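Everything below concerns the one structure shown next.
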Amino acid sequence: MRPIIKAKVLRTKKTVALARWLIGKHLVRRFPDGREEARMIVETEAYHGERDRACHARFGRTRRTEVMYGPGGVWYVYLCYGIHEMLNLVVGPPDSPAAILIRGVEGASGPGRVTKALAINRALNAAPATEPSGLWIEDRGVRWPPARVEAGPRVGISYAGPVWVAKKWRFRIKPVA
DNA sequence: TACTCGATCGGA
DNA sequence: CCGATCGAGTAA
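In our numbering, the protein residues as written are 309 to 485.
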């Protein structure tokens, strides 16, 4: 059996805790030609609820954010700056819009690079992340000590205002100094 | 319909 | 520092 993460975990744990928990898990991609590639997640960011002024759900329920209002365990993929596809994992129970941006995996630092490296685009929006279809997550047993995971402010959200910029909802494995 | 601006990146 | 490049969201 593949160690695929369960949807229940993604719907019950809190958003920020899940963003931290996701570090060390593996993002597994099955390309259209059947080939598979797995990369460890090394950087994430949490976006939680309509109150979070940095979250797309701050405008409420719209065509784009609809997927975030469904149950956790599916992908939310959107286009940013007209160029970059951004990969997010929807988490939480229904009607609780929240998502985690995958900002980095082994060999690809930056959300735009992650999707480019694994050929991910909006065709995967709303697709399940908890079964071996096109893209899913596995727990392959990697455990990083808390001291190796750094929490810091989210990137590129200055429009959200100081209160939300200050939240340390970005997680990444510390570079080996 | 006419704006504005973005959860970024690569090049100058 | 700046341009790319397009669609979501707002205002009208």
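Using N, Cα and C, we set each Cβ at its ideal position, and we do this for glycine too. Model, not experiment: these values are computed from the prediction.
Extent of the continuous alpha helix (DSSP H) run through residue i
i	result
L318	315-320
A468	It is not in any alpha helix (DSSP H) - A468 carries neither H nor E in the DSSP assignment.
A459	No alpha helix (DSSP H) contains A459, which is instead part of the beta strand (DSSP E) from 457-460.
R421	419-425
V324	323-329
Opposing strand residues paired with residue i [DSSP bridges]
i	result
C388	H392
L409	E353, N396
R478	E353, G460
W444	V336
R347	L335
V382	P436
I428	None, per the DSSP bridge assignment.
Straight-line gap, residue i to residue j (C-alpha atoms, nearest Å)
i	j	result
T438	A416	22 angstroms
G511	Y389	Not covered by the structure: residue 511. The range shown for the chain is 309 to 485.
S404	L318	12 angstroms
S441	R369	27 angstroms
E344	L335	10 angstroms
G418	R448	23 angstroms
M309	A365	36 angstroms
P470	E353	17 angstroms
A455	A435	34 angstroms
Residue span of the beta strand (DSSP E) that contains residue i, given as start and end
i	result
R337	334-338
Whole-Å CB distance - residue i paired with residue j, under 8 angstroms assumed
i	j	result
I313	I445	5 angstroms
E351	G412	3 angstroms
K482	R462	At roughly 17 angstroms, the Cβ-Cβ gap does not stay under 8 angstroms, so K482 and R462 are not in contact.
Check your understanding: Do the segment 405-425 and the segment 317-334 meet, that is, are 3 or more Cβ pairs less than 8 angstroms apart?
Key -> yes
Review point. For the 8 angstroms Cβ check, are there 3 or more pairs between the segment 391-404 and the segment 366-380?
Key: yes
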